[in-house]
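Read through the structure below, which is laid out as structure tokens, and then see the notes.
2 protein chains.
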Amino acid sequence: MSETLEKLKKYLEEKSQYDHVTTLLYWDMETGTPKEGLAGHVDAMTYFSTKAFEMGTSKELGEMLETLSKPEEFGQLDDTMKFIVTRMKRDMDKEKRIPAERYEAYVRAQAEAGNAWREAKNASDYSIFVPHLKNMITMTAELAGYTDPGKEVYDVLLDNYEEGMDSATVDRLFDELKKELFPLVKQILAAKQPENGKFQGNFDVNAQKEVQWMLLDYIGFSREKGTVGETEHPFTLNFCSKDVRVSNHYYEKEPLSAMFSAIHEGGHGIFEQNVNPDYDNTVAGSCYYMGVHESQSRFYENILGRNKNFWLPIYEKLGQLLPQFQEISLDEFYREINHVKNSLIRTEADEVTYCFHIILRYEIEKAIFREHVAVEDLPELWNEKMKEYLGIVPANDAEGILQDMHWSDGSFGYFPSYLLGSIYDGMYLDTIEKELGSVDELLAAGKISEITKWLNEKIHWYGNTRTPKEVMEKVCGTEVSAEPLIRYFKKKYTEIYEL
Amino acid sequence: MSETLEKLKKYLEEKSQYDHVTTLLYWDMETGTPKEGLAGHVDAMTYFSTKAFEMGTSKELGEMLETLSKPEEFGQLDDTMKFIVTRMKRDMDKEKRIPAERYEAYVRAQAEAGNAWREAKNASDYSIFVPHLKNMITMTAELAGYTDPGKEVYDVLLDNYEEGMDSATVDRLFDELKKELFPLVKQILAAKQPENGKFQGNFDVNAQKEVQWMLLDYIGFSREKGTVGETEHPFTLNFCSKDVRVSNHYYEKEPLSAMFSAIHEGGHGIFEQNVNPDYDNTVAGSCYYMGVHESQSRFYENILGRNKNFWLPIYEKLGQLLPQFQEISLDEFYREINHVKNSLIRTEADEVTYCFHIILRYEIEKAIFREHVAVEDLPELWNEKMKEYLGIVPANDAEGILQDMHWSDGSFGYFPSYLLGSIYDGMYLDTIEKELGSVDELLAAGKISEITKWLNEKIHWYGNTRTPKEVMEKVCGTEVSAEPLIRYFKKKYTEIYEL
Numbered sequence: 001m002s003e004t005l006e007k008l009k010k011y012l013e014e015k016s017q018y019d020h021v022t023t024l025l026y027w028d029m030e031t032g033t034p035k036e037g038l039a040g041h042v043d044a045m046t047y048f049s050t051k052a053f054e055m056g057t058s059k060e061l062g063e064m065l066e067t068l069s070k071p072e073e074f075g076q077l078d079d080t081m082k083f084i085v086t087r088m089k090r091d092m093d094k095e096k097r098i099p100a101e102r103y104e105a106y107v108r109a110q111a112e113a114g115n116a117w118r119e120a121k122n123a124s125d126y127s128i129f130v131p132h133l134k135n136m137i138t139m140t141a142e143l144a145g146y147t148d149p150g151k152e153v154y155d156v157l158l159d160n161y162e163e164g165m166d167s168a169t170v171d172r173l174f175d176e177l178k179k180e181l182f183p184l185v186k187q188i189l190a191a192k193q194p195e196n197g198k199f200q201g202n203f204d205v206n207a208q209k210e211v212q213w214m215l216l217d218y219i220g221f222s223r224e225k226g227t228v229g230e231t232e233h234p235f236t237l238n239f240c241s242k243d244v245r246v247s248n249h250y251y252e253k254e255p256l257s258a259m260f261s262a263i264h265e266g267g268h269g270i271f272e273q274n275v276n277p278d279y280d281n282t283v284a285g286s287c288y289y290m291g292v293h294e295s296q297s298r299f300y301e302n303i304l305g306r307n308k309n310f311w312l313p314i315y316e317k318l319g320q321l322l323p324q325f326q327e328i329s330l331d332e333f334y335r336e337i338n339h340v341k342n343s344l345i346r347t348e349a350d351e352v353t354y355c356f357h358i359i360l361r362y363e364i365e366k367a368i369f370r371e372h373v374a375v376e377d378l379p380e381l382w383n384e385k386m387k388e389y390l391g392i393v394p395a396n397d398a399e400g401i402l403q404d405m406h407w408s409d410g411s412f413g414y415f416p417s418y419l420l421g422s423i424y425d426g427m428y429l430d431t432i433e434k435e436l437g438s439v440d441e442l443l444a445a446g447k448i449s450e451i452t453k454w455l456n457e458k459i460h461w462y463g464n465t466r467t468p469k470e471v472m473e474k475v476c477g478t479e480v481s482a483e484p485l486i487r488y489f490k491k492k493y494t495e496i497y498e499l
Numbered sequence: 001m002s003e004t005l006e007k008l009k010k011y012l013e014e015k016s017q018y019d020h021v022t023t024l025l026y027w028d029m030e031t032g033t034p035k036e037g038l039a040g041h042v043d044a045m046t047y048f049s050t051k052a053f054e055m056g057t058s059k060e061l062g063e064m065l066e067t068l069s070k071p072e073e074f075g076q077l078d079d080t081m082k083f084i085v086t087r088m089k090r091d092m093d094k095e096k097r098i099p100a101e102r103y104e105a106y107v108r109a110q111a112e113a114g115n116a117w118r119e120a121k122n123a124s125d126y127s128i129f130v131p132h133l134k135n136m137i138t139m140t141a142e143l144a145g146y147t148d149p150g151k152e153v154y155d156v157l158l159d160n161y162e163e164g165m166d167s168a169t170v171d172r173l174f175d176e177l178k179k180e181l182f183p184l185v186k187q188i189l190a191a192k193q194p195e196n197g198k199f200q201g202n203f204d205v206n207a208q209k210e211v212q213w214m215l216l217d218y219i220g221f222s223r224e225k226g227t228v229g230e231t232e233h234p235f236t237l238n239f240c241s242k243d244v245r246v247s248n249h250y251y252e253k254e255p256l257s258a259m260f261s262a263i264h265e266g267g268h269g270i271f272e273q274n275v276n277p278d279y280d281n282t283v284a285g286s287c288y289y290m291g292v293h294e295s296q297s298r299f300y301e302n303i304l305g306r307n308k309n310f311w312l313p314i315y316e317k318l319g320q321l322l323p324q325f326q327e328i329s330l331d332e333f334y335r336e337i338n339h340v341k342n343s344l345i346r347t348e349a350d351e352v353t354y355c356f357h358i359i360l361r362y363e364i365e366k367a368i369f370r371e372h373v374a375v376e377d378l379p380e381l382w383n384e385k386m387k388e389y390l391g392i393v394p395a396n397d398a399e400g401i402l403q404d405m406h407w408s409d410g411s412f413g414y415f416p417s418y419l420l421g422s423i424y425d426g427m428y429l430d431t432i433e434k435e436l437g438s439v440d441e442l443l444a445a446g447k448i449s450e451i452t453k454w455l456n457e458k459i460h461w462y463g464n465t466r467t468p469k470e471v472m473e474k475v476c477g478t479e480v481s482a483e484p485l486i487r488y489f490k491k492k493y494t495e496i497y498e499l
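If you read the sequences in order, they're chains A and B. First residue of the first sequence? That's 1 in our numbering, and the numbers climb one at a time after it. First residue of the second sequence? That's 1 in our numbering, and the numbers climb one at a time after it.
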């Protein structure tokens with residue numbers, strides 16, 4: 001091994017210790033730090049994340065990467081190290097073009113905008129958020145100008161979350177969806193809606209926790225390589241492939257919430273648990289493509305979890321754990337978990353109207369960065385689009401434009417990933433059925449592990465080393481298209497709603 | 001502020017970050033790390049505890065302490081800094097006499113002995129542990145020779161856990177206890193024993209957790225400054241006074257176990273939560289005197305928790321949370337939580353026979369370090385003493401000499417602290433009754449917070465800044481004596497067992 005390579009490996013190992021403890025501090029703050037202990041954790045987090053940042057942007061690291069990128073050294077690296085050196089060098093080259101004081105100002109602005117957003121949402125007063133949102137938009141565009149000079153800003157942002165995705169492609173996909181789903185949802189909403197009185201009442205929270213573990217075990221989340229915590233909002237976090245934490249929130253009156261959060265976060269978790277362990281603690285590990293990641297959580301949650309056959313082998317068990325479900329037939333259950341209704345809040349939307357929530361946000365982000373629509377005018381635009389796509393208008397901004405935190409921390413361009421994930425899912429579904437046979441039959445026979453194995457081998461194993469485009473090519477052998485997802489929706493809802 | 005003082009404060013603040021994350025890593029490993037994630041945590045723990053150790057023993061720190069110890073600088077320090085500088089300098093002066101390679105060898109031997117002890121205990125085969133125990137004894141004595149040259153080894157060890165305690169004092173206290181408790185226990189065991197069939201059955205673990213929180217709230221453990229985790233063995237850990245974690249273990253068939261563990265660990269926790277917050281993250285904070293610490297956990301667990309009046313205001317609530325207790329009268333409950341019986345395992349012993357478990361270990365430790373009894377002969381000695389003090393002999397070494405882990409990590413001299421804690425408790429009880437009036441009446445009136453406030457102000461607030469001797473003088477105004485504890489035992493058991 002070359003001296004520089006050895007040095008780099010040691011350097012990255014050390015850096016990974018700092019990342020390890022900041023991850024743990026974050027996990028503990030979300031799951032168990034007592035109120036007065038938070039300040040101590042924040043101090044430690046600041047200290048260690050600064051250390052990690054310094055190590056990740058140091059001149060020393062830059063020089064090592066420079067040396068290893070030279071043909072004579074690069075040629076001797078194995079494939080993993082080639083990926084790591086190339087990716088880190090590319091990211092550093094981009095980041096080092098940002099003047100340090102501008103980056104600091106951005107981090108500060110993020111924190112301020114976050115606080116202002118929370119205040120604005122609680123008071124349902126958009127005006128509190130306006131100056132901060134303006135600032136985040138300006139600064140996000142400024143940073144994109146440094147990292148990717150000469151490139152269209154919104155394309156840079158999309159690319160940050162889903163490399164290789166430009167708005168031309170997203171436009172094509174989303175337009176297709178809009179055209180086809182608009183009449184479909186209209187038909188659905190005009191049809192007979194299910195009765196859901198049996199889902200009301202108090203459902204024991206401890207029993208819900210047992211159901212959650214039953215589901216995680218069932219879909220293949222490893223207890224040896226993962227655990228579950230309780231947090232305000234469910235999320236997934238990983239130290240490395242061997243330690244992946246998912247979290248959940250239990251609502252006594254909404255038993256379906258924790259069940260589908262478990263399946264969703266479990267999907268994220270199964271992804272991370274099955275990345276090639278050789279990639280642990282490097283940029284090759286943990287997948288950073290948000291669309292690809294969401295494609296896994298949403299595949300488990302929607303394509304599998306909202307399929308009646310998924311529940312066939314475990315529905316009796318569910319009734320044993322939560323006795324109220326003994327009074328609910330599998331058919332009634334199936335109808336309720338696929339109950340389509342126009343709703344104001346994205347995170348509460350059903351599988352199909354969810355698409356509109358994303359398209360709306362995508363169009364507003366384009367309006368911000370392309371058409372420079374004034375920040376003051378965005379709530380009106382939001383409400384117009386809600387009316388157009390979902391037929392309802394929020395009574396206030398808290399349940400409208402202020403509902404999501406994404407824009408407060410500058411995550412413009414993130415939202416489309418959620419829907420791209422579902423679009424990929426349509427394509428995976430087609431491919432799995434070609435390669436393994438009917439998913440309905442596999443699920444009905446309790447063979448979900450065959451599907452998980454397929455996803456492990458085709459997608460998870462590669463972690464961060466394949467771009468979304470490459471995933472599509474290698475897994476499905478074709479360009480990304482919304483057609484399979486649309487076909488899936490049409491078939492599913494035509495049956496359920498007898499359209 | 002002098003330049004050196006400013007530098008020291010910054011230095012200690014940085015060091016405390018490393019301590020903070022090693023504490024968190026430990027907590028997470030005990031409460032939630034998935035099996036395969038342990039190795040990653042161990043790596044991080046090794047990395048950060050090495051960093052903390054380096055910072056705690058560096059030449060740089062030594063020089064700062066040296067400078068600040070000079071009269072002209074020392075005179076300008078406030079009382080807290082005076083304590084910190086003096087204590088750190090003393091500890092460093094001792095530790096730096098240990099040759100680095102000998103300390104490393106000791107740490108390695110500890111780890112090896114720990115593994116051997118676990119193996120030996122599982123196999124109930126003392127011979128597996130013999131060479132490691134020999135090694136730990138030799139090395140512990142060797143280290144004591146470096147830190148405290150010329151001092152009697154076992155006195156050095158006692159002093160490590162309970163500063164100022166030498167074996168002459170401990171002998172005096174324990175001999176008095178032996179003399180008085182021996183006939184008392186004999187009388188008790190000859191008396192009528194309570195029926196405890198009602199405590200058999202399955203007690204819902206989730207309800208037990210609610211009972212635990214009810215008890216922690218009741219005794220004054222702050223939820224704002226603390227939380228509870230689930231671990232194999234209950235313990236208490238603290239980051240600083242604002243973040244103190246206690247843990248518990250729930251046995252479906254033994255409802256009293258988690259209740260009294262909660263009160264015991266809660267006592268440790270209340271101590272740490274109420275140390276002067278100015279001492280946070282320094283050697284003045286967290287109390288390192290094991291006897292003093294145990295005196296608080298055991299005061300809550302035994303003096304308060306095993307008093308019938310403690311339960312009067314909350315017994316109905318207990319029955320609401322754990323309905324099986326509705327069938328048990330408070331009298332029956334009281335008799336069971338004070339049920340005296342000879343038992344093999346220290347941690348399962350009742351309040352009074354517990355004393356013999358400690359005296360036995362103390363005498364064996366003296367036999368090891370004073371009389372140099374061969375390690376091979378210790379099980380026989382153990383069994384003889386068991387027969388003498390408790391009238392029973394373990395069937396094997398797993399429930400005999402191998403039951404505790406203390407000797408495997410070289411914690412010789414620790415055991416006496418447990419009993420010293422109870423001896424202190426007898427003295428506190430006398431003083432509280434003089435200053436606040438009858439504890440029975442305070443408890444019966446639900447005024448336990450007055451007792452907690454007294455302990456906060458008299459003991460907890462001072463953290464690590466008073467030695468056990470100083471605590472006794474300041475709080476009780478007298479030398480330590482076993483007489484109050486003996487008097488307490490006699491009164492209590494004469495009543496309960498109608499002797």
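Glycine included, each C-beta is placed from N, C-alpha and C at the ideal position. Note that the structure is a prediction, hence the values are computed from the model and not measured.
Exercise. How about B/Thr-140 and B/Gly-410: do their beta carbons lie closer than 7 Å?
Worked result: yes
Problem set entry | Residue closest to A/Asn-338, alpha-carbon to alpha-carbon, out of A/Asp-28, A/Leu-344 and A/Leu-330 | A/Leu-330
Problem set entry | Inter-residue spacing [alpha-carbon to alpha-carbon] between A/Lys-151 and A/Glu-142 | 12 Å
Problem set entry | Chain-order list of residues whose beta-carbon lies under 8 Å from that of A/Ala-191 (same chain, five-residue window excluded) | Tyr-497, Glu-498 and Leu-499
Problem set entry | Cβ-Cβ distance between B/Leu-322 and B/Ala-207 below 7 Å | yes
Problem set entry | Interface flag, B/Gln-320 vs chain A, CB-CB below 7 Å | No, B/Gln-320 lies away from the interface with chain A (no Cβ there is under 7 Å from its Cβ).
Exercise. Quick one: what's got a C-beta closer than 6 Å to B/Met-165's C-beta in the same chain, skipping five residues either side?
Worked result: Counting only Cβ-Cβ distances below 6 Å, and skipping sequence neighbours, we find Leu-158.
For this session: Take the Cβ of A/Glu-200 as the centre, count every other Cβ of all protein chains shown within 10 Å, and call the residue buried at 16 or more, exposed below.
Result: Note that residue 200 of chain A corresponds to Gln in the displayed sequence, not to Glu. Burial check for A/Gln-200: the Cβ neighbour count within 10 Å stays below 16, so the residue is exposed.
For this session: Report back the beta-carbon spacing between A/Tyr-493 and A/Phe-299 to the nearest angstrom; my notes put them in contact at under 8 Å.
Result: Not a contact, Cβ separation roughly 18 Å.
For this session: Tell me whether the beta-carbon of B/Glu-30 lies closer than 7 Å to the beta-carbon of B/Thr-231.
Result: yes
For this session: Please classify B/Lys-121: is it buried, with 16 or more other beta-carbons within 10 angstroms of its beta-carbon, or exposed?
Result: buried
Exercise. If you draw a straight line from the alpha carbon of B/Asp-155 to that of B/Tyr-389, how long is it in whole angstroms?
Worked result: Computed Cα separation, rounded: 24 Å.
Exercise. What's the C-alpha gap between B/Phe-239 and B/Thr-23?
Worked result: The alpha-carbon of B/Phe-239 is positioned some 7 Å away from that of B/Thr-23.
Problem set entry | Where A/Leu-304 falls: helix, strand or coil (DSSP) | A/Leu-304: helix per DSSP, three-state reduction.
Exercise. Checking contacts by CB at 7 Å: is B/Gln-17 closer than that to chain A?
Worked result: yes
For this session: Please report how far the alpha carbon of B/His-372 lies from the alpha carbon of B/Phe-333, in whole angstroms.
Result: Approximately 46 Å, taken between the alpha carbons.
Problem set entry | Outcome for A/Lys-308 when other beta-carbon atoms lying within 10 angstroms are tallied against a minimum of 16 | buried
Exercise. What does B/Tyr-47 reach in chain A if we use C-beta pairs closer than 7 Å?
Worked result: The contacting residues are Gln-17.
Exercise. At what residues does the alpha helix (DSSP H) containing A/Val-185 begin and finish?
Worked result: 167-190
For this session: Have a look at B/Ala-144, B/Tyr-315, B/Pro-194 and B/Gly-269 and flag the residue whose alpha-carbon is nearest the alpha-carbon of B/Met-214.
Result: B/Tyr-315
Exercise. Which chain A residues sit within Cβ distance under 8 Å of B/Cys-476?
Worked result: By Cβ distance, chain A contributes nothing, its closest Cβ being about 31 Å from B/Cys-476, past 8 Å.
For this session: Would you check if the segment 392-407 of chain A and the segment 265-279 of chain A touch, i.e. whether three or more CB-CB distances between them fall below 8 Å?
Result: no
Exercise. Taking DSSP as the reference, what is the three-state secondary structure of A/Arg-97?
Worked result: coil
Problem set entry | Cα-Cα separation between A/Glu-433 and A/Ile-451, rounded to whole angstroms | Our two residues, A/Glu-433 and A/Ile-451, have alpha carbons roughly 10 Å apart in a direct line.
Exercise. Closer than 7 Å, CB to CB, is A/Asn-276 near chain B or not?
Worked result: no
For this session: Just the chain A side, please: which residues come within less than 9 Å of B/Pro-34 by C-beta, in chain order?
Result: Ser-222, Arg-223, Glu-224, Lys-225, Gly-226, Thr-227, Lys-242, Asp-243, Val-244 and Arg-245
For this session: Return helix, strand or coil for A/Phe-239, following the three-state DSSP convention.
Result: strand
For this session: Identify each residue in the segment 185-211 of chain A for which the Cβ-Cβ distance to at least one residue of chain B is less than 8 Å, and report them in chain order.
Result: Residues passing the 8 Å Cβ filter: Asn-206.
Problem set entry | Residue of B/Glu-252, B/Asp-430 and B/Pro-277 minimising C-alpha distance to B/Val-244 | B/Pro-277
Problem set entry | CA-to-CA distance, A/Tyr-462 to A/Ala-284, given in whole angstroms | So the alpha carbons of these two residues sit roughly 8 Å apart.
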